[in-house]
Structures are given as C-alpha cells and as structure tokens.
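All remarks here apply to the structure that follows.
Protein chains: 2
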Amino acid sequence: MTITDWTERFQGTSRLPRSVRDRLVSAARIVRFSKGSQVFGPDNVPDSLFFLYEGRIRVSQSSESGREIVLYRVEAGESCVLTTACMLAEEAYNAEGVAETDVTAIVLPKPAFDRLAAEEDAFRNFVFAAYSRRLIDLLRVVDDVAFGRIDVRLAERLLSLAGDKAEILATHQQLASELGTAREVVSRVLHDFQKRDLVAQSRGQISLIDKPALRALAQSD
Amino acid sequence: MTITDWTERFQGTSRLPRSVRDRLVSAARIVRFSKGSQVFGPDNVPDSLFFLYEGRIRVSQSSESGREIVLYRVEAGESCVLTTACMLAEEAYNAEGVAETDVTAIVLPKPAFDRLAAEEDAFRNFVFAAYSRRLIDLLRVVDDVAFGRIDVRLAERLLSLAGDKAEILATHQQLASELGTAREVVSRVLHDFQKRDLVAQSRGQISLIDKPALRALAQSD
DNA sequence: GAGTTTGGGTGACATTGTCACTGAAGATCT
DNA sequence: AGATCTTCAGTGACAATGTCACCCAAACTC
Numbered sequence: 007m008t009i010t011d012w013t014e015r016f017q018g019t020s021r022l023p024r025s026v027r028d029r030l031v032s033a034a035r036i037v038r039f040s041k042g043s044q045v046f047g048p049d050n051v052p053d054s055l056f057f058l059y060e061g062r063i064r065v066s067q068s069s070e071s072g073r074e075i076v077l078y079r080v081e082a083g084e085s086c087v088l089t090t091a092c093m094l095a096e097e098a099y100n101a102e103g104v105a106e107t108d109v110t111a112i113v114l115p116k117p118a119f120d121r122l123a124a125e126e127d128a129f130r131n132f133v134f135a136a137y138s139r140r141l142i143d144l145l146r147v148v149d150d151v152a153f154g155r156i157d158v159r160l161a162e163r164l165l166s167l168a169g170d171k172a173e174i175l176a177t178h179q180q181l182a183s184e185l186g187t188a189r190e191v192v193s194r195v196l197h198d199f200q201k202r203d204l205v206a207q208s209r210g211q212i213s214l215i216d217k218p219a220l221r222a223l224a225q226s227d
Numbered sequence: 007m008t009i010t011d012w013t014e015r016f017q018g019t020s021r022l023p024r025s026v027r028d029r030l031v032s033a034a035r036i037v038r039f040s041k042g043s044q045v046f047g048p049d050n051v052p053d054s055l056f057f058l059y060e061g062r063i064r065v066s067q068s069s070e071s072g073r074e075i076v077l078y079r080v081e082a083g084e085s086c087v088l089t090t091a092c093m094l095a096e097e098a099y100n101a102e103g104v105a106e107t108d109v110t111a112i113v114l115p116k117p118a119f120d121r122l123a124a125e126e127d128a129f130r131n132f133v134f135a136a137y138s139r140r141l142i143d144l145l146r147v148v149d150d151v152a153f154g155r156i157d158v159r160l161a162e163r164l165l166s167l168a169g170d171k172a173e174i175l176a177t178h179q180q181l182a183s184e185l186g187t188a189r190e191v192v193s194r195v196l197h198d199f200q201k202r203d204l205v206a207q208s209r210g211q212i213s214l215i216d217k218p219a220l221r222a223l224a225q226s227d
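So the protein sequences, as listed, match chains E and F. Its first residue numbered 7, the first sequence is counted upward by one per residue in the working numbering. Its first residue numbered 7, the second sequence is counted upward by one per residue in the working numbering.
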C-alpha cells in the first residue's frame, strides 16, 4: 500500500499550506513495523518525531523483576511524544513502545521538526497538545496505581478493552501487564467476577456477561 | 523586593534579544504566593504559562479517600508545564501545586507565549525540554509506585529530602504523602530503620545516622 | 497544672504481591 | 488417535502493604 499524502492524516499538518506539506512529504520517511515488534525502547531510541499513520502502539514500562505496566496507547493520527521527549531532553527512560498491530509511521527528522514548529502555529499547538495529553495520561496512571483497588481497575480495563464487544481475547498475564500487577492476582479477581456472574472465562478469553454491573464496579471509589 | 529583569533567570529567555526580553517584561506579570498556599489545582487552573522565579512548588495528586502522592517539585528557574498542559489541552486534571516556600512566579499570557514560541527557537526548546522532563518524572513515579518496595522508596526519599544535611523536619504523615502510602506504614518502616540504627527519630524530625547504609538500601532492587 | 491538639505506635484485619507447585487446555508430532 | 510438550490458569502458603480503630505521649495553649 502506498501513502500518497500522509499530511492529510494529522491534525497538526492537514491544514498547512500546500507548499509546506510538500516539503514535509519530501523530508519525512515512512517506516513500517509488524505486529509484536519493538518500535522504541531504552536501547532503541529514535532521534526524530513519530507520527502514527496507521495501527496502534502500546507504551509500557517494565520492572527489573519482570512485571510490566501499560502506560497508554498511541492510536493512528497521533504523534508519539515519548520519542520526541527523548529527542529533546536527551535523557534515558525505560518505557518501551511495541506495535500492537501492524504499524505504519511517518518519521520527521529533527531539523524539519524544528522548522515546522517555528513556522507553523497549528503544528506547534498540535505537538504541545500531544505532550499535554500524555502528561494527563500519566497522571491518570499514577492515580490508578497509587490509589486504586485492583478489582475496580480490572473492571475498568475489561470494559475499555472490550469496547463495543462482549469478548476480550487476552491471557491473565496480558491483563496483569495492563495493570502492573501479578498474573495470580488477575486470576483471583476474575475468579471472583465469575462467581458473581460478571464474566465467563475460557483459556485466553473473557466474556463480559454483565457489563452494567462491571460498569458500576468500575465507577465505585 | 523588586525584580528588575526576570528574563535573566530562565534558560528559555536569558539569551533572547534585548527587544524581545523587553516585550516579555511588559507582557508578563509577577505573582506571589506565601508558603502553604495553593498555586494551582483542579478548581484553580491558570490560563497562562508560569515561570518560577523564586521558591519551590510541590506538585501532588490526592485520592478521594484522602491519601496524597507527591509527583515532583518545581524549582526556581523552571517553568511549570502542568499549567501549560492544562492551558493547551483544555482537560481537567486532579494534580495540585502548593507553594512549599514563599514563591514568586512570572505569568506569561497565552498570546505572548504563542508569539514567543513561534519566533524564538531557544524558548520553544526550553518549553519542549520542560515538558520532556516532566514526562520522564512521571514515568519515574509510575515505576516507583507500581514496582518499588516501600522501604527502598522511603530510604531514597529520606536521602533526597535531607540533601547534604543529616536531619529532616517532617512528620510521618508528610513522608507518607511523599510516597502515596499510609502514615502507619511509614511509622513501621521508620521503626525498623531505627532498630537497625539507620535513623533516629523524635517528633516531627528524623536524623539519618547511617547514610551509606540508607544509600545501599535505596539502591537495592 | 489542666486541657487540648497533634503526632506516633500498635493490633487486628484486609488487600495485594510473591513463590512454588500442580493441573489442564491446546498445540505439535508421530 | 494417542503421546508429548508448551502454555495458561489455579491454588496454597506466605510476605508486604494498606485500613481502621484505638490509645498514648509530646507539645502547645490557657
């Protein structure tokens, strides 16, 4: 699949003058990652701005003992500010981005980024807004982890992962990584949910039987 | 005390042309907060960029059940990007900034901010770098809270709060707020540290007796 | 000196996380 | 189709951390 004009895709670029967009198209390159591959990480730090054209990237942190917590996801149409932060602050961080689907991204080198940020209000606001959203995302993660009860958080996450659907394809370990907890803890809480007829389970799959009750639980606190 | 030229104070403004700085000085206003007062919060959201000229602001989050966690501190010379994030993203957040000392801040209205960000590379980089540092700060908080042991975290925080000194003036409750835990947990861990001759305590005060041992504990993990 | 407020200690319990182990579902191979 | 292997889930025992209620003492105020 060829991408004719990726600048249509992003709020920060779609309204720029044609000449500016043409310049961007020639300055940027397109990269692809297959599902499951690492897009960035502590030892794999890109030095440019990433726009996600297509797909989804899961950004998470891992502990030294092997646990993991999902921080947020980058969806198509968003920029990946963690790469930008790394580029600008020149500090290491231990977050990792993994392609959750096949991914197509636009990579803008720093000089082009700098020029665009200087010259285009819309673009600069787009980047600032992206940063702001991530700060707020991380504030939510802190709030969640520091103060939240694990059953409430799991209910919330099940509903979020399901979306419109009633079924989630995920292992207990994957759910544990969403929340930064242990697999056994997820097994116990899901078992309790099953006893209360909130969910049904089979290996690698969870059906949400009583979404309203899960919602009520998710909102308690 | 009068501030003749606050633009000297900040990396993002100190190297700007004289004419630009003069414009900033006339566009910005100076605000003061006394120790203990709220600088910003969920119901007190400024709509401008804050530079901290003097003093220190503690930024924290609170839970509905009354617990609190310190996210980071803003020191003199830094900008306060949470206010900027709120301004740009137009989303509520439940973090609060409280003046830990008497505080003098420079408030730059959004139009002046926008113009400066457009026209001055140094300023824009200063703001991006500020954002990046906060993202990384919050990543550290998540890592700490999600994966860290409470005794290790307390040892770290005691050393950090003490700096060069051997004594900390803080209640157990204040230390609990630093880490997002319960006062009783801090009392127990400090009791254990005291038994191991790492610290000595009296009411509202903790002396670090064996800094090397505390450092060793802080780095274990 | 008495009374009040604030800070700290503690016991009992609940929740969450760790570790080791076991069992079963599902995949693969013959 | 059966055997074997891998992966996922369940569980018990225990540790770490957080909650709640209560008590006591240090410090302050009158």
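All C-beta atoms, glycine included, are put in the ideal place defined by N, C-alpha and C.
Cβ distance (whole Å) where R144/F is taken to contact L141/E below 8 Å: Residue 144/F is actually Leu in this sequence, not Arg. About 7 Å separates the Cβ atoms of L144/F and L141/E, confirming a contact at the 8 Å cut-off.
Unbroken stretches of the beta strand (DSSP E), 3 residues or longer, contained in the region 53-89 of chain E: Complete beta strand (DSSP E) runs here, min 3: 54-60, 62-68 and 74-81.
R146/E to S68/F span [Cα, whole Å]: Spanning the alpha carbons of R146/E and S68/F requires a straight line of approximately 11 Å.
Within-8 Å CB hit, S213/E to chain F: Not an interface residue.
Residues within the region 145-157 of chain E neighbouring chain F, beta-carbon criterion of under 7 Å: Using a CB distance below 7 Å, the part of the region 145-157 of chain E facing chain F consists of L145, V147, V148, D149, V151, A152 and F153, ordered along the chain.
DSSP three-state assignment for I156/E, whether helix, strand or coil: Secondary structure at I156/E: helix, using DSSP grouped into helix, strand and coil.
Cutoff 8 Å: Y78/E Cβ touching any chain F Cβ: With 8 Å as the cut-off, Y78/E does not count as an interface residue toward chain F.
Interface positions of the region 24-56 of chain F facing chain E (Cβ-Cβ less than 9 Å), listed along the chain: Close to chain E, meaning a Cβ-Cβ distance shorter than 9 Å, is no residue of the region 24-56 of chain F at all.
Closest Cα partner of L58/E within the set I9/E, R194/E and E173/E: For L58/E, the closest alpha carbon among the candidates I9/E, R194/E and E173/E is that of I9/E.
Neighbour-count burial assignment, L175/E, 16 or more Cβ in a 10 Å radius: Exposed, by the Cβ-count rule.
C-beta contact flag for A34/F and I156/F at 8 Å: Taking C-beta atoms as the reference points, A34/F and I156/F fail to come closer than 8 Å.
7 Å Cβ shell around E184/E - same chain, five flanking residues per side excluded: Once the five neighbours on either side are set aside, the close Cβ partners of E184/E are V76 and R163.
At least 3 beta-carbon pairs within less than 8 Å: the region 148-155 of chain E vs the region 42-50 of chain E: Verdict: no, contact absent.
Proximal chain E residues relative to Q17/F, where beta-carbon distance stays under 8 Å: Below the 8 Å Cβ cutoff, chain E contributes no neighbours of Q17/F, its closest Cβ being approximately 13 Å away.
8 Å Cβ cutoff met for A128/F and R21/F: Taking 8 Å as the Cβ cut-off, A128/F and R21/F qualify as a contacting pair.
Same chain, Cβ closer than 8 Å to S54/E, five either side skipped, listed in chain order: Answer for S54/E: T89, M93, V113, L114, P115, K116 and F119, listed in chain order.
Coarse secondary structure for I142/E, derived from DSSP in three states: The DSSP-derived three-state label of I142/E is helix.
Beta bridge counterpart(s) of E126/F as assigned by DSSP: Checking the DSSP bridge columns, you'll see E126/F has no partner listed.
Contact under 8 Å by Cβ, L196/E with A168/E: No, the Cβ-Cβ distance between L196/E and A168/E is not below 8 Å.
V80/F versus V158/F, A91/F, E60/F and V26/F, residue with shortest Cα-Cα distance: Per the Cα distances, E60/F.
Nearest-angstrom beta carbon gap, A101/E and V148/E [assumed within contact, 8 Å]: Incorrect: roughly 14 Å between the Cβ atoms, too far for contact.
Beta carbon proximity, L141/E to chain F, threshold 8 Å: Output row for L141/E: interface = yes.
With 16 other Cβ atoms within 10 Å as the buried cut-off, status of E126/E: Buried is the label assigned to E126/E, since at least 16 other Cβ atoms lie within 10 Å of its Cβ.
Chain E within 8 Å of G169/F, Cβ atoms only: False, the Cβ-Cβ gap to chain E never drops below 8 Å.
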